[in-house]
Amino acid sequence: MKTPSLRTLAIVCAALIGAGFALVFFYAPNEADQGFIQKIFYLHVPLAIVALVGFVVAALHAIRHLRSGDPVHDARAYVSIHTSVIFGVAVLITGAIWAKASWGRWWVWDEPTLVSFLIVFLLYSTYYPLRYAIPDRERQARYASVFAITAGAFVPLNFMAVRAAESLVHPRTFATADGGLPPTMWLTFGICFAGIAALWIVLVRFELTAKRTSAQISRLRRAIDGSPSPGGVGARIAPGAAGTPG
Amino acid sequence: MPALPLEEAGKYVAGAYVVFVLLLVVYLGIMAAKLARISRELEELAEVAERQGQAREEASSKQQAAEPAGVEEARA
Numbered sequence: 147m148k149t150p151s152l153r154t155l156a157i158v159c160a161a162l163i164g165a166g167f168a169l170v171f172f173y174a175p176n177e178a179d180q181g182f183i184q185k186i187f188y189l190h191v192p193l194a195i196v197a198l199v200g201f202v203v204a205a206l207h208a209i210r211h212l213r214s215g216d217p218v219h220d221a222r223a224y225v226s227i228h229t230s231v232i233f234g235v236a237v238l239i240t241g242a243i244w245a246k247a248s249w250g251r252w253w254v255w256d257e258p259t260l261v262s263f264l265i266v267f268l269l270y271s272t273y274y275p276l277r278y279a280i281p282d283r284e285r286q287a288r289y290a291s292v293f294a295i296t297a298g299a300f301v302p303l304n305f306m307a308v309r310a311a312e313s314l315v316h317p318r319t320f321a322t323a324d325g326g327l328p329p330t331m332w333l334t335f336g337i338c339f340a341g342i343a344a345l346w347i348v349l350v351r352f353e354l355t356a357k358r359t360s361a362q363i364s365r366l367r368r369a370i371d372g373s374p375s376p377g378g379v380g381a382r383i384a385p386g387a388a389g390t391p392g
Numbered sequence: 016m017p018a019l020p021l022e023e024a025g026k027y028v029a030g031a032y033v034v035f036v037l038l039l040v041v042y043l044g045i046m047a048a049k050l051a052r053i054s055r056e057l058e059e060l061a062e063v064a065e066r067q068g069q070a071r072e073e074a075s076s077k078q079q080a081a082e083p084a085g086v087e088e089a090r091a
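Chains as they are written, first to last, in our numbering: chain P, 147 to 392; chain V, 16 to 91.
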């Protein structure tokens, strides 16, 4: 199957996010219990799901890297984690705003959903110091892959543990006994989720393309004047990260 | 807690969406800076390649000009 170009993906992403946000404010009804503040749900929840899935995707790339030794998979794992950590920042900030409006507090330490997401976020925040503490690039890539796989396995386990735990204040929206969301909210959520997922893919491919170009420039520079790598954006990842974008 | 009135809830909702847009803008700004650096590096490389090409052309024309004189010297 032919992979759509970055430009096509960016246009689809912008259309989905625009349509999703329009549905949020002009189509989806206000929730009976929380009222207008529940509109944050359509941004916060897709961001959280996409960030967590992104960590698992990084683990899959890391497995492929360890199996094949191909630095392209390492670059994909790195960029997936990078983008998911940025999404994680957005999840924590939008969640804190929602918490303040709904519960009167910016953060609730007793709530397993919040604390578990913070733990996952902090875990992945240690990926960068771990990675760049290792000077040898091949070892760096190998250790980073082991980290990505271990942390990636922790994400679904963590999710299941949180679902099993009794929630104090954080709502359980999906698969609840009383039916969950009405169809209008489901449609709005679905479009928003597709838009945020498309945004994640666009950002990952955008960054991979930049890294690939930078790595090719380094190769070209070495070929022209025999000078060492200029240390461009692609050079921070293992050499040869100039593969096709995922 | 009871649902917040629209005026108050609107501030929080706007805040959440503005944070998302701001993060996106900051990220795109950083990526734009990286792309600008890549563009500068490409320009530098193009200049180096052009200079090397000119130097090669000059060297080959000098070699061609020096060749007949060398041949005459050898005959003498």
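Note that beta-carbon positions come from the ideal geometry of N, C-alpha and C, so glycine has one too.
Along chain V, which residues have their Cβ under 8 Å away from the Cβ of residue i?
{"i": "L260 (chain P)", "result": "Within 8 Å Cβ-Cβ: nothing; L260 (chain P) doesn't reach chain V, min ~15 Å."}
{"i": "I232 (chain P)", "result": "L38, Y42"}
{"i": "E353 (chain P)", "result": "M46"}
{"i": "K246 (chain P)", "result": "Y27"}
{"i": "A236 (chain P)", "result": "V34, F35, L38"}
{"i": "L366 (chain P)", "result": "L60"}
{"i": "L169 (chain P)", "result": "By Cβ distance, chain V contributes nothing, its closest Cβ being about 14 Å from L169 (chain P), past 8 Å."}
What whole-angstrom Cβ distance do residue i and residue j have, given they're in contact under 8 Å?
{"i": "W255 (chain P)", "j": "A245 (chain P)", "result": "Not really, about 11 Å apart at Cβ, beyond 8 Å."}
{"i": "A194 (chain P)", "j": "I227 (chain P)", "result": "Actually they are not in contact, since the Cβ atoms of A194 (chain P) and I227 (chain P) sit about 16 Å apart, beyond 8 Å."}
{"i": "A344 (chain P)", "j": "V158 (chain P)", "result": "6 Å"}
{"i": "A70 (chain V)", "j": "L189 (chain P)", "result": "Not really, about 58 Å apart at Cβ, beyond 8 Å."}
{"i": "F233 (chain P)", "j": "A197 (chain P)", "result": "4 Å"}
{"i": "L303 (chain P)", "j": "F267 (chain P)", "result": "Not really, about 16 Å apart at Cβ, beyond 8 Å."}
{"i": "V308 (chain P)", "j": "S262 (chain P)", "result": "5 Å"}
{"i": "I4 (chain V)", "j": "T359 (chain P)", "result": "It is not possible to answer for residue 4 (chain V), since the shown part of chain V is limited to 16 through 91."}
{"i": "P150 (chain P)", "j": "F339 (chain P)", "result": "That belief does not hold up - the Cβ atoms of P150 (chain P) and F339 (chain P) are roughly 19 Å apart, past 8 Å."}
{"i": "V301 (chain P)", "j": "V225 (chain P)", "result": "In fact, because the Cβ distance is near 17 Å, the residues do not count as touching under 8 Å."}
{"i": "V28 (chain V)", "j": "F182 (chain P)", "result": "6 Å"}
When we look at the beta-carbon of residue i and count the other beta-carbons within 10 Å, is it buried (16 or more) or exposed?
{"i": "A361 (chain P)", "result": "buried"}
{"i": "Y454 (chain P)", "result": "There is no way to answer for residue 454 (chain P), as the model of chain P reaches only from 147 to 392."}
{"i": "Q286 (chain P)", "result": "buried"}
{"i": "W332 (chain P)", "result": "exposed"}
{"i": "Q79 (chain V)", "result": "exposed"}
{"i": "G241 (chain P)", "result": "buried"}
{"i": "I363 (chain P)", "result": "buried"}
{"i": "V350 (chain P)", "result": "buried"}
{"i": "G378 (chain P)", "result": "With a pLDDT of only 43 at G378 (chain P), under the threshold of 50, the placement of this residue in the model should not be trusted, and no figure is reported."}
{"i": "Q180 (chain P)", "result": "buried"}
{"i": "D220 (chain P)", "result": "buried"}
{"i": "T390 (chain P)", "result": "Confidence at T390 (chain P) is low in this model, with a pLDDT of 42, below 50, so the placement of that residue should be treated as unreliable; the coordinate-derived value is given next. With fewer than 16 Cβ atoms within 10 Å of its Cβ, T390 (chain P) is classed as exposed."}
{"i": "V218 (chain P)", "result": "buried"}
{"i": "Q184 (chain P)", "result": "buried"}
{"i": "G326 (chain P)", "result": "exposed"}
{"i": "T330 (chain P)", "result": "exposed"}
{"i": "R367 (chain P)", "result": "buried"}
{"i": "T334 (chain P)", "result": "buried"}
{"i": "P20 (chain V)", "result": "exposed"}
{"i": "K77 (chain V)", "result": "exposed"}
{"i": "A164 (chain P)", "result": "According to the sequence displayed, residue 164 (chain P) carries Gly and not Ala. Exposed."}
{"i": "F187 (chain P)", "result": "buried"}
{"i": "S230 (chain P)", "result": "buried"}
{"i": "A388 (chain P)", "result": "Model confidence at A388 (chain P) stands at a pLDDT of 42, short of 50, so the residue's coordinates are unreliable; what they give is reported in the following sentence. Buried, because 16 or more other Cβ atoms sit within 10 Å of the Cβ of A388 (chain P)."}
{"i": "S75 (chain V)", "result": "exposed"}
{"i": "L276 (chain P)", "result": "exposed"}
{"i": "F167 (chain P)", "result": "buried"}
{"i": "F172 (chain P)", "result": "exposed"}
{"i": "L43 (chain V)", "result": "exposed"}
{"i": "I265 (chain P)", "result": "exposed"}
{"i": "G250 (chain P)", "result": "exposed"}
{"i": "S291 (chain P)", "result": "buried"}
{"i": "T272 (chain P)", "result": "exposed"}
{"i": "E82 (chain V)", "result": "exposed"}
Taking residue i as the query, report the chain P residues whose CB atoms sit under 7 Å from its CB, ordered along the chain.
{"i": "G30 (chain V)", "result": "I243"}
{"i": "A4 (chain V)", "result": "The question about residue 4 (chain V) has no answer here: the residues shown for chain V are numbered 16 through 91."}
Output, in chain order, the set of chain P residues within a Cβ distance shorter than 8 Å of residue i.
{"i": "V40 (chain V)", "result": "Result: empty, since nearest Cβ-Cβ is about 12 Å, beyond 8 Å."}
{"i": "A70 (chain V)", "result": "Correct list: empty, because the minimum Cβ distance to chain P is about 12 Å."}
Please list the partners that residue i has in chain P, where partner means a Cβ-to-Cβ separation under 9 Å.
{"i": "A81 (chain V)", "result": "Per Cβ cutoff of 9 Å: no residues; A81 (chain V) is ~27 Å from chain P at best."}
Residues of chain V with a CB under 7 Å from the CB of residue i: which are they?
{"i": "T240 (chain P)", "result": "A31, V34, F35"}
Going along chain V, which residues have a C-beta under 9 Å from residue i?
{"i": "L152 (chain P)", "result": "Here the premise fails: no neighbours, minimum Cβ distance about 12 Å."}
Any C-beta of chain B sitting closer than 8 Å to the C-beta of residue i?
{"i": "L268 (chain P)", "result": "The structure shown has no chain B; the protein chains it does contain are P and V."}
Which residue spans inside the region 212-277 of chain P form an unbroken alpha helix (DSSP H) run of at least 4? 217-249, 258-271, all fully within the region 212-277 of chain P.
Compile a chain-ordered list of the residues in the region 181-215 of chain P whose CB is closer than 9 Å to at least one CB of chain V. Cβ contacts with chain V: G181, F182, I183, Q184, K185, I186, L189, H190, L193.
Please specify which runs of the beta strand (DSSP E), each continuous and at least 3 residues long, are wholly inside the region 172-218 of chain P, giving them in chain order. As far as the region 172-218 of chain P is concerned, it has no whole beta strand (DSSP E) run of at least 3 residues.
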